[in-house]
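The structure under discussion appears below in the form of structure tokens.
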Amino acid sequence: MTGSLIALAVLALVACGPYILDAYGIGLLIGAVSYTILASAWAMFSGPTRYISLATVAFYGTGAYTVAVLSEALPWPLVLVSAAVIGGVLALLVGLSTLRLAGIYFVIFSFGLAELIRQLITWFEVSVSGTLGRYIFLELEPRHVLWQLLALAAVVVLITGWIHRSRIGLALKVIGDDETVAAHAGINLARTKLILFVLSSVLITLVGAIQSPRWVYVEPGIVFNPQVSFLTVIMALLGGATKRWGPVLGAVPLFLLFEWLSARFPDHFSILLGLLFIGVVFLLPDGVLAAIEKLRKKKEARA
Amino acid sequence: MLLSTLVFGLVLGGSYALIAMGLSLQYGIARIMNLAYGEVMICAAFAAMLLFNVAGLSPLLSLVLLVPAGWAISWGIYQVMMRPLVARSGTTGRLEVDSILATFGLLFVVQGVLLVLFGGNFQSYAFLGQGVNVLGTQVALNRLIAFGLSVLIGGGLYLALTHSRWGLALRAVALSPGSAPLVGIEVNRVARAGFALGGALAVAGGVVLSMYQTFSATMGVIYTMKALVIVIMGGVGNLLGALIAGLLLGLIETFVSVYIDPGLTLAATYGLFLVILLWRPQGLFGGAK
Chain A
181 MTGSLIALAV LALVACGPYI LDAYGIGLLI GAVSYTILAS AWAMFSGPTR
231 YISLATVAFY GTGAYTVAVL SEALPWPLVL VSAAVIGGVL ALLVGLSTLR
281 LAGIYFVIFS FGLAELIRQL ITWFEVSVSG TLGRYIFLEL EPRHVLWQLL
331 ALAAVVVLIT GWIHRSRIGL ALKVIGDDET VAAHAGINLA RTKLILFVLS
381 SVLITLVGAI QSPRWVYVEP GIVFNPQVSF LTVIMALLGG ATKRWGPVLG
431 AVPLFLLFEW LSARFPDHFS ILLGLLFIGV VFLLPDGVLA AIEKLRKKKE
481 ARA
Chain B
332 MLLSTLVFGL VLGGSYALIA MGLSLQYGIA RIMNLAYGEV MICAAFAAML
382 LFNVAGLSPL LSLVLLVPAG WAISWGIYQV MMRPLVARSG TTGRLEVDSI
432 LATFGLLFVV QGVLLVLFGG NFQSYAFLGQ GVNVLGTQVA LNRLIAFGLS
482 VLIGGGLYLA LTHSRWGLAL RAVALSPGSA PLVGIEVNRV ARAGFALGGA
532 LAVAGGVVLS MYQTFSATMG VIYTMKALVI VIMGGVGNLL GALIAGLLLG
582 LIETFVSVYI DPGLTLAATY GLFLVILLWR PQGLFGGAK
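So the protein sequences, as listed, match chains A and B.
First residue of the first sequence: 181, per my numbering; consecutive thereafter.
First residue of the second sequence: 332, per my numbering; consecutive thereafter.
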């Protein structure tokens, strides 16, 4: 409970950022907040279930593209609702076809999902609607984007707090520890996973949608950039996907590091990213928080 | 039209089958889900192009050079990267998640190196492009050679696995890694051999494909995806299944691209995958679980 309150206070503090910072600073805040939400939403599903989702950008891009298509036809709140619904339905379809099976099927399916959606949209735009690339003209300034993202972050904080205290959180803990035990205890495995996956995917879709006015020009190749999926996974893993505040701890420092790296070494960015990723998998398999806990326990045992 | 589509589909399917067999070996024997598999393939395609353009070496000759190199490099990757993960996971089943993550990182490293070296454009080289008459349709000679190679390598491997002592050991580990040591099989060595063999097949597939297809530095992911779908379709660890499923996928893709739209081939692959997942997740040729 106190954790949630502190988090909400921090979010309120960040909301004052636009009054102090210049445009670049606000841009950094937007990036940091979006990746914090992405990593938290990713960990919400993949942390306890250990089903590695490589499809973050599939939902993120879907959100952004929904805005590009609908922004002139509908008022902004309705655009966001449509994006959430589309992301939710997509997650439901993916989840229904893969979550009943072993985790590996889900991973494989998610691996190519972004590429599939990108090619489908490209095909549709080229051969049916005849326009590849769309413009987003909305009267939303960067600070508005930031505030909406912060509101979404507050929702994420409340949802994760609720999950930790509710029956579904308990069920998830059992599933994460041992699926067979969970099934025998009467937990509906597929349904629990499905609910979590849809929830997490809707949040990711909304991040893409809210952030999209920053682009102005949108085409499938831009919004379905696989690096987004990659960054999200590495952030959540570094902080610790099973800890409540792990993703936040991973997202903020890594986002700043990546920002610096991509400016400094634009050509070698993906090589550095990959190496960092491998490093995290080998050295901190359970994340920083778990590693610190282990160290502390070792010290206590020695004392 | 129908006949030429059929021939093109079979040629493509032959290459797919070869690629998928390698992935099936790596996952079936070494239990490593290698997401960087397609990158190994694309590396081989680039290497074959370089050897052809710079040294004037025919891809048939570079195959002889590159396949052993693919074996050696995959052997090294297993030893350096995968072995510690295998040792760490023990019997906890963590290996699957860890190997997915580690090879996902490797994918970006290799892709980044290829982008720096060759840029993001599509590449190809002109090797034996003249047409030959097959059943009344014109087919480029390079496609025929590619198909012949796929049959030769795939078939040879299948025979080696089913008719030699070495193949028996590989299959034993694939079937039951827990009991293989009881009959005197060193699991670690066999798993490493399986992973290396898979890498060699990826290289063979990459070189064969580069003879008649264009390729780019970022395309590895798509081939990994296709190989994964074929492996699931044929049943994990089932080589003959992978062979048939590979041919099937090549045919379906070619028909979709000729009769519907070339932009929808990946959608066709995915549609097929979805049908398999909903209908027979154990694979087309697997028994009921």
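By construction, the Cβ of each residue, glycine as well, lies at the ideal position given by its N, Cα and C atoms.
Note that the structure is a prediction, hence the values are computed from the model and not measured.
Min CB distance B/Y601 to chain A below 8 Å: yes
For A/G430, the nearest candidate out of A/P228, A/K373, A/R230 and A/V468 (CA to CA): A/V468
is_contact[A/D357, chain B] using C-beta, thresh 8 Å: No - not a single Cβ of chain B is within 8 Å of the one on A/D357.
Anticipated Cβ contact below 8 Å, B/L397 with B/A379, distance rounded: 7 Å
Contact belief for A/L374 with A/L300 at Cβ below 8 Å, rounded distance in angstroms: Actually they do not touch by this definition, with Cβ atoms about 23 Å apart.
Beta-carbon spacing of A/T412, A/W256 below 8 Å: no
Closer than 8 Å to chain B by CB, A/I266: no
Coarse secondary structure for B/Q613, derived from DSSP in three states: coil
Close beta carbons around B/V463, own chain, < 7 Å, minus the five adjacent residues each side: V470, L472 and L475
Pick from B/F546, B/L333 and B/N384 that is closest to B/L445, judged by C-alpha positions: B/F546
DSSP three-state assignment for A/Q299, whether helix, strand or coil: helix
Close Cβ partners of B/Y409 (< 8 Å) along its chain, the five nearest in sequence each way excluded: A361, I363, A522, R523, F526 and A527
Length of the line joining the Cα atoms of B/A619 and B/A386: Bear in mind that a pLDDT of 42 at B/A619, under 50, signals an unreliable position, so the model cannot answer this.
Listed by chain order, chain B residues near A/I177 by CB distance under 7 Å: There is no way to answer for residue 177 of chain A, as the model of chain A reaches only from 181 to 483.
Same chain, Cβ closer than 8 Å to B/S420, neighbours up to 5 away in sequence not counted: L426 and D429
Closest residue to B/Y347 among B/G485, B/V395, B/G443 and B/N452 (Cα-Cα distance): B/G485
Chain-ordered chain B contacts of A/F457 [CB-CB under 9 Å]: Here the neighbours are L432, A433, F435, G436, L437, F439 and V440.
Candidates B/C374, B/I583 and B/L571: closest to B/L615 by CA position: Relative to the Cα of B/L615, the nearest Cα in the group B/C374, B/I583 and B/L571 belongs to B/L571.
Member of B/L574, B/M564, B/A599 and B/V371 whose CA lies at the smallest distance from the CA of B/T583: In the sequence under discussion, the amino acid at residue 583 of chain B is Ile, which differs from the Thr named in the question. Nearest option by C-alpha distance: B/A599.
Where the alpha helix (DSSP H) through A/T278 begins and ends: W256 to T278
Sequence-distant residues of its chain with Cβ nearer than 8 Å to A/L436 (five each side left out): L208 and A212
Interface flag, B/A619 vs chain A, CB-CB below 8 Å: In this prediction, B/A619 has a pLDDT of 42, which is less than 50 and means its spatial position is unreliable; what the coordinates show is noted afterwards. No, B/A619 does not count as interfacial toward chain A.
Rounded C-alpha distance that separates A/V354 from A/V361: In this model, A/V354 and A/V361 are separated by some 7 Å (Cα to Cα).
Any C-beta of chain B under 8 Å from that of A/D447: yes
For B/K620, the three-state DSSP class (helix, strand or coil): Reliability of the predicted coordinates at B/K620 is poor, the pLDDT of 39 falling under 50, and the value obtained from them is presented with this limitation in mind. Residue state, collapsed to three classes: coil.
Beta-carbon gap between A/T340 and A/G267 smaller than 8 Å: no
Of the listed residues A/T216, A/F438 and A/I472, nearest to A/V337 (C-alpha basis): A/T216
Residue-level contact to chain B via CB, A/G133, 8 Å cutoff: A query on residue 133 of chain A cannot be resolved here, the shown segment of chain A reaching from 181 to 483 and no further.
Euclidean distance between Cα positions of A/E295 and B/M413: 27 Å
Proximity test, Cβ basis, 8 Å: A/F465 and chain B: The identity of residue 465 of chain A in the sequence shown is Pro, whereas the question assumes Phe. Closer than 8 Å to some Cβ of chain B, the Cβ of A/P465 qualifies, so yes.
Closer than 7 Å: A/T236 CB and nearest the ligand SAM heavy atom: As for the ligand SAM, it is missing from this structure, which has no ligand bound.
Under 7 Å by beta carbon: chain A residues contacting B/V552: E295
A/S251 versus A/E305: straight-line alpha-carbon distance, rounded: Between A/S251 and A/E305, the C-alpha separation is close to 17 Å.
Option in A/F410, A/V287 and A/V259 with minimal Cα separation from B/L630: Beyond the ends of chain B as shown, which are 332 and 620, falls residue 630 of chain B; an answer cannot be given.
Opening and closing residue of the alpha helix (DSSP H) in which A/Q391 lies: L369 to Q391
Cβ pair A/S277, B/L609 closer than 8 Å: yes
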